[in-house]
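Everything below concerns the one structure shown next.
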Amino acid sequence: MGSVKVNNLIKSFGSFTALQNIDLDIKEGEFFALLGPSGCGKTTMMRCIAGFEQPTSGTIRIGDREVEKIPANKRNCGMVFQSYALFPHMNVFENVAYSLNIKQLNSSNIFKQVGIYARLLNKKLGKTPKHIEAKVMEILKYVELDQHAHRLTSELSGGQQQRVALARALVMEPAVLLMDEPLSNLDQKLRHSMRNTIRRIQQELGITTIFVTHDQEEAMSMADRVAVMDAGNIIQIGTPTDLYSNPATPFIANFVGTSNILKGTVIGEENGLYRVQGEGFDLQSTKKPNKPEVDVIIRPEHIKVEAAESIIELSETNVIQGIVLMSTYLGSIVRYDVQVGSYQLVIDTTYSTGGSIYEKGKEVKLTVAHERVLLI
Ligand code: ATP
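Taking our numbering, the leading residue of the sequence shown gets 115, the next gets one more, and so forth.
Rendered as structure tokens:
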């Protein structure tokens, strides 16, 4: 019921095309992140799925229904926004019960007349029916707010308010949960713990979730799969490990984690190793390039640093000479900035107590395994 399929979706605002021919195939129960820089079209994509935005062309299916012509409130999507959009005059329980009560009264245009309706609702229902009360309390337990059911939402912390918003979306048992930058308003520490809370609840309920974020760490740590967007296009879809180990473009290599990106020319192949040369380096890679002029991508943690006086064996390949510009001790790792030709490489090495740290000006020997040299 909760799969989401998007085909050839285009969304234009006047002459500006915000989404260009998007295809997505999100499986039931999957936690799927839309990741990209500001303005790339993430929210527009989400709004099209939710039904707040009409696509210019293309199709959207939720479960077995094609939904472009179905209004937002009939699409069975739960939404959680960056601004929690809670009712400040209602307590936690009432905020969560609200949508269930509305469903019970079967109003179709409630979103247009919230104020009038809230009064009407109180009048008609009086006391919340038992089955609704049980459901609300069950969901409040999930988000660990059952002890705060009777507090006004205006008296809660940011993280607690976000959990009320989550509970309010989940209580409707939507087929799909849509979350648009839900953690952006929280401080760093709270954001980390909310990531775990959201992931735990999502897995326990098995609810298909689409999560919009511009924070790569958030997407990579939470999602089963991530779609990386740029300028209205999806550039790559993959698991976090896929994206990290095999980025499709230099943009992704840089956006998902940190990368060293060097310009190189492929000069030949021998025994399955592609030889690539550029300013200050001569490397071999197991990755087959698509063209002779390539971007050579190496992750900071895939480079080994040794003192330059350590002997270079004749058989040794993939060795680069460099000079340390800066070393930064970060506890379990040491981060080096190393000059190679006109490039400044970033290198992360694990540090064990008593190990040596190479200082500024030190000549060093850098080694990288063939399979860690990506050619794009
Ligand atoms: P952010 O991370 O900053 O929220 P985003 O990736 O979610 O960005 P969108 O909000 O989807 O980006 O916007 C994508 C592009 O479409 C932007 O250039 C934006 O200015 C434009 N856009 C969005 N909504 C409208 C609209 N109603 N009218 C005109 N242009 C719009």
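Note that beta-carbon positions come from the ideal geometry of N, C-alpha and C, so glycine has one too.
If I follow the unbroken alpha helix (DSSP H) through residue i, where does it start and stop?
i: THR357; result: Note that residue 357 is Leu in the sequence shown, not Thr. Element bounds for LEU357: 354–359.
i: GLU477; result: Careful: GLU477 lies outside any alpha helix (DSSP H), inside the beta strand (DSSP E) at 477–482.
i: LEU254; result: 244–256
i: MET334; result: 330–336
i: ILE316; result: The question names Ile, but residue 316 is Gln in the sequence shown. Taken as a continuous stretch (DSSP letters only), the alpha helix (DSSP H) holding GLN316 covers 302–319.
i: ASN368; result: 364–369
What span of residues does the beta strand (DSSP E) with residue i cover, start to end?
i: GLY63; result: Because the chain is modelled from 115 through 490, residue 63 falls outside the range shown and cannot be assessed.
i: ARG175; result: 171–176
i: GLY392; result: 387–392
i: CYS162; result: Careful: CYS162 lies outside any beta strand (DSSP E), inside the alpha helix (DSSP H) at 156–164.
i: VAL278; result: Looking at the DSSP string, VAL278 is not in any beta strand (DSSP E); the run it does join, the alpha helix (DSSP H), is 272–284.
i: LEU133; result: 130–140
i: ALA289; result: Looking at the DSSP string, ALA289 is not in any beta strand (DSSP E), and its letter there is neither H nor E.
i: MET343; result: 339–344
i: PHE201; result: That residue, PHE201, is in no beta strand (DSSP E); it is neither H nor E in DSSP.
i: ARG449; result: 447–454
i: GLU383; result: 374–384
i: TYR457; result: 457–464
i: ASN122; result: 118–127
Is any beta-carbon of chain B found at less than 8 Å from that of residue i?
i: ARG277; result: The chain inventory of the structure shown lacks chain B, comprising one protein chain alone.
Closer than 6 Å by C-beta to residue i: which residues in its own chain qualify, once you throw out the five before and the five after it? Chain order, please.
i: PHE325; result: ALA147, MET293
i: LEU297; result: ARG305, MET308
i: HIS262; result: VAL206
i: PRO288; result: ASN190, CYS191, GLY192
i: LYS418; result: THR481
So, using beta-carbon positions, are residue i and residue j closer together than 8 Å?
i: VAL120; j: LEU149; result: no
i: LYS141; j: ALA132; result: no
i: GLN276; j: LEU300; result: yes
i: ILE412; j: ARG339; result: no
i: GLY495; j: VAL452; result: Past the edges of the chain, shown from 115 to 490, lies residue 495, and the structure says nothing about it.
i: GLU473; j: SER441; result: yes
i: LYS156; j: MET343; result: yes
i: MET286; j: GLY165; result: no
i: VAL257; j: GLY116; result: no
i: VAL478; j: GLU393; result: no
i: ALA281; j: LEU319; result: no
i: CYS162; j: ILE176; result: no
i: CYS154; j: ALA422; result: no
i: ILE348; j: ALA362; result: no
i: TYR465; j: VAL448; result: yes
At the level of alpha carbons, what is the spacing between residue i and residue j?
i: ARG314; j: THR431; result: 46 Å
i: SER213; j: HIS264; result: 17 Å
i: ASN310; j: MET336; result: 8 Å
i: VAL370; j: ILE471; result: 28 Å
i: ALA199; j: ASN205; result: 13 Å
i: THR352; j: ASN360; result: It is worth fixing the name first, because residue 352 is Gly in this sequence and not Thr. C-alpha separation (whole angstroms): 9 Å.
i: GLN316; j: HIS203; result: 29 Å
i: LEU480; j: ASP396; result: 12 Å
i: HIS416; j: THR463; result: 9 Å
i: ALA279; j: THR267; result: 10 Å
i: ASN135; j: HIS328; result: 21 Å
i: HIS245; j: LEU270; result: 26 Å
i: MET334; j: GLU384; result: 36 Å
i: PHE225; j: GLU167; result: For PHE225, the predicted structure reports a pLDDT of 38, less than 50, and the residue's modelled location is therefore unreliable. A value from the coordinates is still provided. So the two alpha carbons sit approximately 15 Å from each other.
i: PHE130; j: SER152; result: 16 Å
i: ALA283; j: PRO169; result: 24 Å
i: PRO354; j: GLN302; result: 21 Å
i: TYR358; j: GLN196; result: 27 Å
i: ILE434; j: ILE312; result: 44 Å
i: VAL190; j: VAL118; result: According to the sequence as given, residue 190 is Asn; it is not Val. So the two alpha carbons sit approximately 12 Å from each other.
i: VAL194; j: THR158; result: 15 Å
i: PHE201; j: GLU208; result: 9 Å
i: MET356; j: ALA341; result: Note that residue 356 is Asp in the sequence shown here, rather than Met. Approximately 11 Å between the Cα atoms of the pair.
i: PHE58; j: LEU444; result: Shown here, the chain extends from 115 to 490; a query on residue 58 therefore has no answer.
Looking only at its chain, what residues have a beta carbon closer than 7 Å to the beta carbon of residue i, apart from the 5 residues adjacent to it on each side?
i: HIS484; result: LEU387, GLN398, SER399, THR400, ASN432
i: GLN391; result: GLY378, THR379, ILE381
i: GLU144; result: THR322, ASP338, ARG339
i: PRO403; result: VAL380, TYR388, LEU489
i: PRO185; result: GLY165
i: GLY436; result: VAL452, GLN453, VAL454, LEU459, VAL478, LEU480
i: PRO406; result: THR379, VAL380
Can you name, in chain order, every residue of its own chain whose Cβ lies under 8 Å from the Cβ of residue i, other than the five neighbours on each side?
i: THR372; result: ARG413, PRO414, VAL460
i: ILE375; result: PRO364, ALA367, ASN368, ASP409, VAL410, ILE411
i: SER171; result: ASN122, LEU123, ILE124
i: GLN458; result: LEU439, ASP451, VAL452
i: MET160; result: LEU148, LEU292, ASP294, ILE324, VAL326
i: GLY273; result: LEU300, LEU304, SER307, MET308
Does any heavy atom of the ligand MN sit closer than 7 Å to the C-beta of residue i?
i: ALA341; result: The ligand MN is absent from the structure shown, which contains only the ligand ATP.
Open item on the list: Closer than 8 Å is the cut-off here; do at least three beta carbon pairs connect the segment 174–188 with the segment 243–252?
Closed with: no
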